[in-house]
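Chains as they are written, first to last, in the numbering used here: chain A, 1 to 400; chain B, 1 to 354.
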Amino acid sequence: MDQGVAITGMGIISAIGNNVAENYASLIHEKKGISRIQKIDTIHRDEIMVGEIPVSNDEFIAQLGLPQDNNYSRTGMLGVLAAQEALKDARIENIDAYRTGLVSATSVGGMDMTEKYYYDYFTNAECQKYIIAHHAGDSTQKIADHLGINNQLVTTISTACSSAANAIMLGARLIKSGKLDRVLVGGSDCLSKFTINGFKTLMILSDTYNTPFDEHRKGLNLGEAAAFLVLESDHVVKAENKNVLAYVKGYGNANDAYHQTASSENGEGATLAMQQALKVAGLNPKDIDYINAHGTATGNNDLSEGRAFINVFGDEVPDFSSTKAYTGHTLAAAGAIEAVYSVLALQNNIIFPNLNFKTPMKEFNLIPQTKAKQKELKHVLSNSLGFGGNCSTLIFSKNA
Amino acid sequence: MKPVYIHSVASISAQNTVDETAFLDDLVFYEDNVLPAIDPNYKDFIPPAAARRMAKGIKMGVVASKLALNQAGIDKPDAIITGTGLGCLRDSEKFVSAILDNNEQFLTPTPFIQSTHNTVGGQIALELQCKGYNFTYVHASVSFESALLDAELQLKNNEATNILVGGVDELGDHTTELFKLIELIKTEKVSSKALLESQTKGVVYSEGANFFLLTNEKDEKCYAELIDTAIFNTLKKDNLPTAVETFLNSNKLNPEHVDLLICGHNGDVEHDDYYEVLTSGIFSDTQQAFYKHLSGEFHTASGFGFWLANKILKTQTLPEAVKLNHVKNSEFGYVLLYNQYLGENHSFTLLRKC
Numbered sequence: 001m002d003q004g005v006a007i008t009g010m011g012i013i014s015a016i017g018n019n020v021a022e023n024y025a026s027l028i029h030e031k032k033g034i035s036r037i038q039k040i041d042t043i044h045r046d047e048i049m050v051g052e053i054p055v056s057n058d059e060f061i062a063q064l065g066l067p068q069d070n071n072y073s074r075t076g077m078l079g080v081l082a083a084q085e086a087l088k089d090a091r092i093e094n095i096d097a098y099r100t101g102l103v104s105a106t107s108v109g110g111m112d113m114t115e116k117y118y119y120d121y122f123t124n125a126e127c128q129k130y131i132i133a134h135h136a137g138d139s140t141q142k143i144a145d146h147l148g149i150n151n152q153l154v155t156t157i158s159t160a161c162s163s164a165a166n167a168i169m170l171g172a173r174l175i176k177s178g179k180l181d182r183v184l185v186g187g188s189d190c191l192s193k194f195t196i197n198g199f200k201t202l203m204i205l206s207d208t209y210n211t212p213f214d215e216h217r218k219g220l221n222l223g224e225a226a227a228f229l230v231l232e233s234d235h236v237v238k239a240e241n242k243n244v245l246a247y248v249k250g251y252g253n254a255n256d257a258y259h260q261t262a263s264s265e266n267g268e269g270a271t272l273a274m275q276q277a278l279k280v281a282g283l284n285p286k287d288i289d290y291i292n293a294h295g296t297a298t299g300n301n302d303l304s305e306g307r308a309f310i311n312v313f314g315d316e317v318p319d320f321s322s323t324k325a326y327t328g329h330t331l332a333a334a335g336a337i338e339a340v341y342s343v344l345a346l347q348n349n350i351i352f353p354n355l356n357f358k359t360p361m362k363e364f365n366l367i368p369q370t371k372a373k374q375k376e377l378k379h380v381l382s383n384s385l386g387f388g389g390n391c392s393t394l395i396f397s398k399n400a
Numbered sequence: 001m002k003p004v005y006i007h008s009v010a011s012i013s014a015q016n017t018v019d020e021t022a023f024l025d026d027l028v029f030y031e032d033n034v035l036p037a038i039d040p041n042y043k044d045f046i047p048p049a050a051a052r053r054m055a056k057g058i059k060m061g062v063v064a065s066k067l068a069l070n071q072a073g074i075d076k077p078d079a080i081i082t083g084t085g086l087g088c089l090r091d092s093e094k095f096v097s098a099i100l101d102n103n104e105q106f107l108t109p110t111p112f113i114q115s116t117h118n119t120v121g122g123q124i125a126l127e128l129q130c131k132g133y134n135f136t137y138v139h140a141s142v143s144f145e146s147a148l149l150d151a152e153l154q155l156k157n158n159e160a161t162n163i164l165v166g167g168v169d170e171l172g173d174h175t176t177e178l179f180k181l182i183e184l185i186k187t188e189k190v191s192s193k194a195l196l197e198s199q200t201k202g203v204v205y206s207e208g209a210n211f212f213l214l215t216n217e218k219d220e221k222c223y224a225e226l227i228d229t230a231i232f233n234t235l236k237k238d239n240l241p242t243a244v245e246t247f248l249n250s251n252k253l254n255p256e257h258v259d260l261l262i263c264g265h266n267g268d269v270e271h272d273d274y275y276e277v278l279t280s281g282i283f284s285d286t287q288q289a290f291y292k293h294l295s296g297e298f299h300t301a302s303g304f305g306f307w308l309a310n311k312i313l314k315t316q317t318l319p320e321a322v323k324l325n326h327v328k329n330s331e332f333g334y335v336l337l338y339n340q341y342l343g344e345n346h347s348f349t350l351l352r353k354c
């Protein structure tokens with residue numbers, strides 16, 4: 001368990017761009033991707049805002065060159081696009097040259113098609129191809145198939161909003177322990193009526209732009225996205241003379257064990273996850289230069305996470321921001337989206353702004369970074385907190 | 001690296017498996033294509049008010065986890081790792097139907113909350129106040145093995161001492177109808193005793209929960225030692241013998257060391273030939289067993305196979321009903337499990353007597 005875990009490639013598609021370069025440009029130009037929903041017919045259209053990718057399924061099918069009888073869910077298509085970019089970025093041409101696994105994450109899976117054809121399945125044979133694409137592992141299999149990953153360790157994690165962070169964590173552990181030489185890790189989730197209505201019933205959807213860590217925050221905007229990172233062992237990095245973007249230095253997962261959906265007010269789960277990640281990384285709290293917060297802009301999350309910052313960092317909470325105001329909350333993909341943003345922050349020595357913030361929360365004196373800030377960054381910490389009390393922290397570092 | 005032991009086993013299935021002291025001595029034979037799991041007395045484990053809010057999968061998972069923890073005498077494991085192919089299907093179906101039937105109005109949050117794939121893992125943690133590592137794997141027929149692999153890594157590397165590992169899946173009425181529609185489920189009813197003679201497409205579908213307490217500290221009560229687990233998204237039939245040999249070799253073993261091969265035959269005429277590559281090939285002289293005629297097929301049915309292997313190793317007996325051939329072994333030292341579903345997501349799991 002003493003191997004380094006190098007990140008050698010990244011790919012992303014989100015409401016603020018179809019690739020890494022576009023996402024970075026939007027982040028530094030404060031260009032958010034939040035709008036009224038276009039592609040899903042919902043009665044809530046005028047009450048919610050979302051981070052929707054402005055590309056239709058038909059356009060994706062054409063872009064990916066899929067046959068007309070394909071049974072890809074939107075989750076699958078987003079995942080393939082992001083994973084392809086990551087592989088290309090890592091300059092991997094022969095996928096079979098090393099033991100290359102895939103760990104993906106999703107919460108929606110094929111639900112977008114299931115909810116569309118739920119009753120039609122019984123009368124329309126043409127749509128029945130999607131029945132078998134419902135389960136959460138299907139999009140992962142599609143990605144593996146598209147990238148030519150065969151005879152390998154391929155699996156999927158679904159722990160709600162921390163899923164992709166956990167996929168990155170498992171990937172790092174598989175590399176560290178020598179089970180794999182190389183692994184693609186990340187997640188994908190598309191928008192669906194299922195999640196829109198689910199979060200609507202929980203009354204945590206904002207009717208306007210989400211405002212992380214603001215006293216008057218009204219809830220989250222849902223988003224859709226996919227992102228993948230290529231993790232490689234020291235051996236592969238050396239043998240192939242790879243360009244390393246950053247390292248996965250620390251990780252921690254803990255359970256809040258407080259409530260099925262809500263986070264504890266004292267932020268215990270997030271505190272434990274951050275402490276565990278620091279321990280694995282062999283770092284002290286003062287070593288963290290920037291926190292990419294989970295910061296969903298719900299009343300509950302931002303309070304709980306903020307308290308957890310204070311638990312871990314005391315009076316010296318590092319610069320922090322949530323990028324959810326750009327992308328919306330992309331659920332199972334969020335941990336991978338924010339992993340890409342954390343690596344971009346390290347590469348460019350920049351802290352991305354927490355948009356839409358105006359009023360500090362009354363419970364504590366924590367003010368997010370609201371303007372892009374140039375600063376030498378060595379270690380970035382990223383949180384992902386989810387239903388079922390699932391709390392995850394990743395630490396990304398410039399050096400091994 | 002530390003060894004990994006299975007300290008306790010618990011199964012809720014279409015068979016009478018809840019009583020730990022019994023071992024398939026009161027078999028239930030079905031003539032059907034869908035087999036609901038036999039309900040334990042949930043009231044003995046879950047307060048009735050809480051049980052009413054839980055769908056069957058959650059209840060099965062909670063009870064099986066309690067049984068496994070009680071037997072092992074562990075109050076709070078270091079980690080909880082679950083696998084589920086289709087997650088909390090009943091709540092998912094309930095929420096989708098409500099959205100569609102009422103045009104997105106009059107919805108209540110409970111089915112949405114409980115539809116999340118990690119509901120069972122989260123519920124167990126909540127009840128035990130277990131704040132440790134908590135993962136849920138959702139990758140079709142390797143969901144359970146992914147959980148097993150994760151636990152194996154942590155225990156071998158001494159990152160944890162006690163880990164609760166389980167697989168759970170539940171039947172959902174709507175999904176069952178859809179699976180019949182596309183013949184994932186056999187269109188005809190099949191006798192448990194004649195599953196392999198069916199010669200038809202599809203499987204006999206079921207549900208269940210199989211939970212285990214894994215530890216890296218040996219105890220006289222331990223069922224078996226987990227040597228290794230491996231998963232493969234694809235494997236061609238031609239490559240199967242090499243893949244299994246490579247797996248055994250990586251554990252310094254050969255096919256001759258295997259005393260019992262347990263296969264995941266499910267009666268699907270289109271995919272059972274994967275097993276035959278091994279049963280009539282390199283393991284033709286090895287004693288063989290199968291179990292899905294008893295448990296039915298579902299994404300985490302291989303958890304029942306894992307339960308079976310542990311029982312065999314501890315009791316050193318092989319129930320007549322699971323025998324696949326007539327080769328006899330005096331002792332069961334190494335047991336190898338092989339499973340796949342629809343020709344995808346293959347797994348090898350190797351156990352040893354301890």
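Glycine included, each C-beta is placed from N, C-alpha and C at the ideal position.
- Restricted to the region 248-299 of chain A, the beta strand (DSSP E) segments that are unbroken, complete and at least 3 residues in length are 290-292, listed in chain order.
- Excluding five sequence positions before and after A400 (chain A), the CB atoms of its chain that fall closer than 6 Å to its own CB belong to G4 and Y247, given in chain order.
- By the neighbour-count criterion, in which 16 or more other beta carbons inside 10 Å mark a residue as buried, Q154 (chain B) falls on the buried side.
- Its chain contains F45 as the residues whose beta carbon lies nearer than 7 Å to that of K66 (chain B), once the 5 sequence neighbours on both sides are disregarded; these appear in chain order.
- Nearest CB-CB separation between Q340 (chain B) and chain A: not below the 9 Å threshold.
- K328 (chain B) and C130 (chain B) have their alpha carbons spaced roughly 44 Å apart.
- In the structure shown, P111 (chain B) adopts helical secondary structure according to DSSP, grouped into three states.
- Fewer than three beta-carbon pairs drawn from the region 172-186 of chain A and the region 24-42 of chain A are found closer than 8 Å, and the two stretches are therefore not classed as touching.
- Identification of chain A residues near V96 (chain B) by a Cβ-Cβ cut-off of 7 Å yields T114, E115, Y118 and F194, ordered along the chain.
- One thing to note: T155 (chain A) has its Cβ within 9 Å of the Cβ of G137 (chain A).
- Note that the region 298-308 of chain B touches the region 198-209 of chain B; at least 3 beta-carbon pairs, one per stretch, sit closer than 8 Å.
- Residue-level contact check: A257 (chain A) touches chain B, since one or more beta carbons of chain B fall below 9 Å from its beta carbon.
- Contact of N349 (chain A) with chain B by beta-carbon distance below 8 Å is absent, the smallest such distance being about 33 Å.
- Under the Cβ criterion of 9 Å, A136 (chain A) is counted among the residues facing chain B.
- Short of 6 Å from the beta carbon of G198 (chain A), and not among the five residues preceding or following it, lies no beta carbon of its own chain.
- Here T349 (chain B) carries a strand assignment [DSSP, helix/strand/coil].
- The alpha-carbon of S192 (chain B) is positioned some 46 Å away from that of L231 (chain A).
- Fully enclosed beta strand (DSSP E) runs of no fewer than 3 residues occupy 225-233 of the region 206-246 of chain A, in order along the chain.
- Residues of chain B whose Cβ lies closer than 7 Å to the Cβ of Q128 (chain A) are, in chain order, L181 and I182.
- If you draw a straight line from the Cα of F194 (chain A) to the Cα of D302 (chain A), it comes to about 24 Å.
- One thing to note: Y258 (chain A) has its Cβ no nearer than 9 Å to the Cβ of M49 (chain A).
- With 16 or more other Cβ atoms from the protein chains shown falling within 10 Å of its own Cβ, F309 (chain A) counts as buried.
- Proximity to A270 (chain A) across A:L180, A:A105, A:C391 and A:A133 peaks at A:C391, based on C-alpha coordinates.
- Interface annotation, N150 (chain A): in contact with chain B, CB-CB separation under 9 Å.
- Separation of I80 (chain B) and P40 (chain B) (C-alpha to C-alpha, rounded to the nearest whole angstrom) is 22 Å.
- For H379 (chain A), the enclosing beta strand (DSSP E) starts and ends at H379 to G386.
- Contact between E305 (chain A) and G267 (chain A) holds: their C-beta atoms lie close to 6 Å from each other, under 8 Å.
- Around A230 (chain B), the same chain offers F247 and F348 as residues with beta carbons nearer than 6 Å, after the five sequence neighbours per side are excluded.
- In this structure, L278 (chain A) lies away from G295 (chain A), with their beta-carbon atoms at least 9 Å apart.
- Just so you know, the alpha carbons of V203 (chain B) and L191 (chain A) end up roughly 33 Å apart.
- Shortest Cα-Cα distance from A133 (chain A) to any of A:A82, A:D145, A:G76 and A:K88 involves A:G76.
- For E316 (chain A), same chain residues with a beta-carbon under 7 Å away, outside a window of 5 residues either side, are K286 in chain order.
- Taking E363 (chain A) as the centre and dropping the five residues before and after it, the same chain places the C-beta of L303, G306 and R307 closer than 8 Å to its C-beta, in chain order.
- In this structure the region 92-102 of chain A does not lie against the region 66-75 of chain A, because fewer than three pairs of beta carbons, one per stretch, are closer than 8 Å.
- Here the C-alpha atom of V62 (chain B) lies approximately 9 Å from the C-alpha atom of Y42 (chain B).
- Leaving aside the five residues that flank A25 (chain A) on each side, the residues in its chain whose CB is nearer than 8 Å to its CB run, in chain order, G17 and K31.
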